[in-house]
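Worksheet: the structure to be examined is printed underneath.
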Amino acid sequence: MLAPIVIALLALGVLSAVLLLRKRVATVQPAITEYWVYLPGDSMPTQDALFDRVIKEDTLSLGRPPAGREEGLLFSDVRLHLGLVLRAKNPHVFRPDLFEAHVEPTAEILEGLSHAKSLVKIRYASEQTLPDERHLRLLPFLAEAVAAIGQGSVVFDVTAERLMTLDELRGDLVKAGVGNVLPEQHVRAIWAPSPSGGRACTRGLVKMGLPELRTRDVATDEKVLALYLVESAATEIWRRRTLPDELEIEAYGDLFRLQFFPARRGPVETAILRVQRS
122 MLAPIVIALL ALGVLSAVLL LRKRVATVQP AITEYWVYLP GDSMPTQDAL
172 FDRVIKEDTL SLGRPPAGRE EGLLFSDVRL HLGLVLRAKN PHVFRPDLFE
222 AHVEPTAEIL EGLSHAKSLV KIRYASEQTL PDERHLRLLP FLAEAVAAIG
272 QGSVVFDVTA ERLMTLDELR GDLVKAGVGN VLPEQHVRAI WAPSPSGGRA
322 CTRGLVKMGL PELRTRDVAT DEKVLALYLV ESAATEIWRR RTLPDELEIE
372 AYGDLFRLQF FPARRGPVET AILRVQRS
């Protein structure tokens with residue numbers, strides 16, 4: 122009599138382990154952060170010049186140089202890559218009409234793009250779980266340094282899909298201060314239209330090796346609510362450094378439950394449920 126019970130329990134244990142492993146595998150995500158800095162010239166600032174501006178100089182009057190010893194070590198990290206892309210050889214990456222619809226360049230940014238002859242790609246990619254945010258304490262300042270030395274005025278946060286002027290980037294850096302990383306400066310929610318409405322999606326969670334979120338189809342008249350909920354969830358997930366099964370978020374006087382369904386590849390499907398208060 123005990124044999125069938127033991128077999129059933131073993132099978133249940135194996136199934137539970139498989140499901141847990143599937144979820145763990147599904148949420149493993151390489152950490153990728155990338156900036157493009159558009160320059161009017163066709164050469165890249167030297168590494169020595171960048172190192173001095175980021176490590177030795179307090180150019181933004183923050184009280185001390187932006188990067189300390191931990192951040193400085195990333196200059197020799199093989200996961201950090203800086204490369205020059207010439208407009209003459211890659212004209213498509215300079216065309217504003219090829220950006221996604223939610224990337225909306227201002228007149229000032231369009232002018233900067235039109236004068237750019239090159240861009241410097243700054244990319245940090247890690248297959249391993251990151252112990253902290255040191256790469257995000259360095260890369261935005263490194264982008265600022267490239268723009269300042271190279272006399273550029275436009276920076277594209279490729280991962281968060283955000284175009285900004287150099288002054289906007291500097292404003293972010295001053296607000297965050299040295300040694301701090303503000304999630305709202307790295308993660309955003311965007312709207313992806315669909316035939317039946319659209320989906321709220323995140324951009325930027327991958328910077329910390331976290332999977333991006335994407336809701337199921339939402340009616341267009343609920344766009345603002347969906348974007349708020351997804352952005353709030355992304356900020357909380359960033360702070361936790363892990364993807365929970367669900368989150369509850371207050372919005373506009375109501376309580377909502379967001380449930381997350383990881384996939385092996387691609388964004389995490391996110392369901393939004395309104396919670397009935399008792």
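So for the sequence shown, our numbering puts the first residue at 122; every next one is plus one. Glycine residues also receive a C-beta, built at the ideal position from the N, C-alpha and C atoms. From a predicted model like this one, the values you see are computed outputs, not experimental measurements.
Following a CB-centred definition, is residue i positioned closer than 6 Å to any heavy atom of the ligand GTP?
| i | result |
| --- | --- |
| E254 | The model on display carries no ligand, and the ligand GTP is accordingly not part of it. |
Quick one: what's got a C-beta closer than 8 Å to residue i's C-beta in the same chain, skipping five residues either side?
| i | result |
| --- | --- |
| P365 | I358, F381 |
| L290 | P261, A264, E265, A268, V276 |
| G162 | K238, S239, G271, Q272 |
| P151 | A246, S247, E248, V327, G330 |
| R398 | L376 |
| V396 | E369, D375, L376, F377, R378 |
| H213 | L219 |
| A372 | L346, Y349, L350, S353 |
Determine, using beta carbons only, whether residue i and residue j come nearer to each other than 7 Å.
| i | j | result |
| --- | --- | --- |
| L376 | I393 | no |
| L195 | L259 | yes |
| G319 | A310 | no |
| V275 | G233 | yes |
| P187 | G271 | no |
| F215 | A237 | yes |
| T286 | E225 | no |
| V158 | G273 | yes |
| T336 | A321 | yes |
| P252 | L231 | no |
| Q306 | D288 | no |
From the DSSP output, which residues share a beta bridge with residue i?
| i | result |
| --- | --- |
| M285 | V276 |
| T391 | T336, F381 |
| L105 | Limits of the chain in this structure are 122 at one end and 399 at the other, which puts residue 105 out of reach. |
| I358 | None; I358 has no bridge partner. |
| V267 | DSSP, once it has assigned bridges, lists no residue as partnering V267. |
| I230 | DSSP lists no partner for I230. |
| T154 | Y245 |
| P304 | None, per the DSSP bridge assignment. |
| L364 | According to DSSP, which records beta bridges pairwise, L364 is partnered with nothing at all. |
| P314 | G319 |
| D396 | It should be noted that the sequence gives Val, not Asp, for residue 396. Per DSSP, L376. |
| R324 | R309 |
| E65 | Summary: the structure shown does not reach residue 65, with the chain confined to residues 122 through 399, and so no result is reported for it. |
| L201 | Y245 |
Cutting at 6 Å between CB atoms, please list the residues of its own chain near residue i, excluding the five before and the five after it.
| i | result |
| --- | --- |
| E191 | R255 |
| I449 | Because the chain in this structure spans residues 122 to 399, residue 449 falls outside the shown range and cannot be described. |
| L142 | Caution is warranted here: a pLDDT of 41 is assigned to L142, below 50, making its placement in the model unreliable, and the coordinate value is therefore given only provisionally. Taken in chain order, the list of residues that qualify is empty. |
| S317 | D338 |
| P304 | T356, W359 |
| G387 | none |
| H223 | I311 |
| G189 | none |
Just to check my reading of the structure: residue i and residue j have Cβ atoms closer than 8 Å, yes? What is that Cβ distance to the nearest angstrom?
| i | j | result |
| --- | --- | --- |
| L334 | V389 | 5 Å |
| S247 | R200 | 5 Å |
| F277 | V175 | Actually they are not in contact, since the Cβ atoms of F277 and V175 sit about 19 Å apart, beyond 8 Å. |
| L257 | T323 | About 16 Å; that fails the 8 Å criterion. |
Step through the CB atoms of chain B and report whether any lies within less than 7 Å of the CB of residue i.
| i | result |
| --- | --- |
| A222 | Protein chains in the displayed structure number just one, and chain B is not present. |
Quick one: what's got a C-beta closer than 7 Å to residue i's C-beta in the same chain, skipping five residues either side?
| i | result |
| --- | --- |
| T250 | G330 |
| E178 | P186 |
| G193 | I176 |
- Message: With a threshold of 8 Å, are at least 3 pairs of Cβ atoms found where one atom belongs to the stretch 351–369 and the other to the stretch 318–332?
- Response: yes
At least 3 beta-carbon pairs within less than 8 Å: the stretch 170–185 vs the stretch 250–268
yes
Is there contact between the stretch 193–212 and the stretch 240–247, where contact requires at least three CB pairs shorter than 8 Å? yes
* Inter-stretch contact at 8 Å, needing at least 3 Cβ pairs: the stretch 339–354 / the stretch 269–284 -> Counting Cβ pairs under 8 Å, fewer than three are found: no touch.
Would the stretch 297–312 count as touching the stretch 177–188 if we require 3 or more Cβ pairs under 8 Å? yes
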